[in-house]
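Read in order, the letters of the sequence shown correspond to residues 6 to 375 in this note's numbering.
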Amino acid sequence: MNILKSDRVHPPLSGYIDIVLLAILLAGALVFRYVPGAGEFYARALYPVISAVLSAVASVFPFSLDEWAVVLMAAWLVLWPVMARKRGKRWKRILLRELEWVLWIYVWFYWGWGMNYYRDSVYERAGVRPAAYEKDVFRDFLYTYSDSLNSAFRMACESGGGTFTESASSAVDIHVGQIQEEIKGIYRRVPENYGLSRPYGYQRPKFTCFNFLYSGVGVLGYMGPFFAESHLNRELPEMQYPFTYAHELSHLLGISSEAEANFWAFNVCIRSARPEVRYSGYAGILPYVISNARTLLEKQEYQDWLSSVNPAVIDLLRSEQEYWRSRYSPAVGRIQDALYTFYLKGNRITSGQKNYAEVVSVLLSLSPDF
């Protein structure tokens, strides 16, 4: 009788192994978070191998493993306590098991991709300091940028025999497969000191399964951390496709900062042989350049610079914003904004969603040669 009681009280050996392994992985996540240099070691030495394996597994499936993993994990965490309670399990045991599963999800997220948040900043990896704000330098940047933007727009229109459209199906018309391979090829030329992983041919973006939800909160793409999958919104207009793809690919290559992801998407796209991809690179950062210029310049100076941008480019930006605004759900969007800001700040992106606009500071500080 005592033996039977002992069998019921003590977990089997496999239970101890699971707990020890979980404790080791949790401790490792804390080391990478708080020990200087450990996050960069993960991003350069461990993550390339982990992401290559996870991406290879995900490439076998035409749908997003990340999305369905999140759905199934959420459903299990909600439904299992109900089923366990019906089978007579005590609440204490149920809650302990739930906690264990949540910790395993936490470990999977951070070991799979999330510890890239703890790597050195792009300034540290490049060996430079962030450029201090100088009005004349910033103004020169603005006019150089607007000249390049206008030129890229003109060449894109001439090569395409017309102008860009906002057709959701137009991605097919811009040869996405060729664009993806060219962008990957440019990423392979990024100098090693920046610490980006190298992309593989089988790492292709997945379209989102629950697309209406992403359009409803204004998400154009996202990084799937559980299976190293990048995702794109099915309704991307053709002019946004190259920049958004390059942005999400940079996350897959180990970049966590949104500002740095925009920085690489811009630099990769403007090096393309395709005029429409070069324009997508310049247009991709236009909202952030406008936001910075409006904040930092006097009103008349801002208006003078804005008038240097081709009016057709501004009209295209407005139509793009209206395109997404027509799909946006304000109620759901406010919830998503709050949760995403909390998520970013909890992972060392202290500026929250404003981090996207900080791309201009990176552009003023760095000019990578590749």
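Every residue gets a Cβ at the ideal spot worked out from N, C-alpha and C, and that includes glycine.
In this model, Y52 and G206 are separated by some 17 Å (Cα to Cα). At a Cβ-Cβ threshold of 8 Å, Y328 and L154 do not count as neighbours. Take the alpha-carbon of R330 and the one of G93: they are about 50 Å apart. Looking at G229, G165, E243, the one whose alpha-carbon comes closest to that of V181 is E243. Under the 8 Å Cβ criterion, the segment 221-237 does not count as touching the segment 95-104, having fewer than three qualifying pairs. If only uninterrupted alpha helix (DSSP H) runs of at least 4 residues are considered, those enclosed by the segment 105-171 are 127-131, 140-165. With respect to the C-alpha of L369, the residue from V294, R332, N352, S312 having the closest C-alpha is V294.
Counting only runs of 4 or more residues that sit fully inside the segment 282-318, the alpha helix (DSSP H) segments are 291-301, 304-311, in chain order. DSSP, reduced to helix, strand and coil, places Y199 within a helical segment of the structure shown.
In this structure, C274 lies away from G259, with their beta-carbon atoms at least 8 Å apart. The three-state reading of DSSP puts K211 in strand, counting E and B together. Excluding residues up to 5 positions away in sequence, W329, Y333, G338 lie with their Cβ nearer than 7 Å to the Cβ of G223 in the same chain. By the neighbour-count criterion, in which a residue is buried when 16 or more other Cβ atoms sit within 10 angstroms of its Cβ, W81 is exposed.
With fewer than 16 other beta carbons inside 10 angstroms of its own, K91 counts as exposed. In the structure shown, the three-state DSSP call for E187 is helix. Taking a cut-off of 8 Å on C-beta distances, the segment 183-192 touches the segment 248-258, as three or more cross pairs fall below it. A residue is called buried once 16 or more other Cβ atoms fall within 10 Å of its Cβ, and D320, having fewer, is exposed.
In this structure, DSSP gives G226 an extended state, which the three-state scheme calls strand. For H236, the pairing in a beta bridge is given by DSSP as K211, Y227. In the three-state reduction of the DSSP assignment, K94 falls in the coil class, being assigned neither a helical nor a strand state. The shortest C-alpha to C-alpha distance from L371 to any of L77, L108, T355, A131 is the one to A131. In the displayed model, S331 falls within coil according to three-state DSSP, outside both helix and strand. Excluding sequence positions up to five before and after N360, its CB lies within less than 6 Å of the CB of E263, A264, I354, all in the same chain and listed in chain order.
Counting along the chain, the unbroken alpha helix (DSSP H) around I55 starts and ends at 52-64.
P196 and P373 do touch by the CB rule: their CB atoms are close to 7 Å apart, below 8 Å. Separation of R279 and L241 (C-alpha to C-alpha, rounded to the nearest whole angstrom) is 18 Å.
For N216, the enclosing alpha helix (DSSP H) starts and ends at 216-221.
Around R239, the same chain offers F212, N216 as residues with beta carbons nearer than 6 Å, after the five sequence neighbours per side are excluded.
The straight-line gap separating the alpha-carbon atoms of E163 and V318 is approximately 14 Å. Per DSSP, the unbroken alpha helix (DSSP H) holding L369 starts and ends at 364-370.
Nearest neighbour of G357 by Cα position, chosen from T346, V314, V364, turns out to be T346. Y115 is not a Cβ neighbour of S261, given a cutoff of 8 Å. A266 is the residue among Q341, R276, A266, R102 whose C-alpha sits nearest the C-alpha of M228. For the 8 Å CB-CB criterion, R193 and R209 do not form a contact. When the Cα atoms are used, E363 and E139 turn out to be separated by approximately 16 Å. With distances taken between CA atoms, C214 lies nearest to V76 out of L35, S366, A270, V76.
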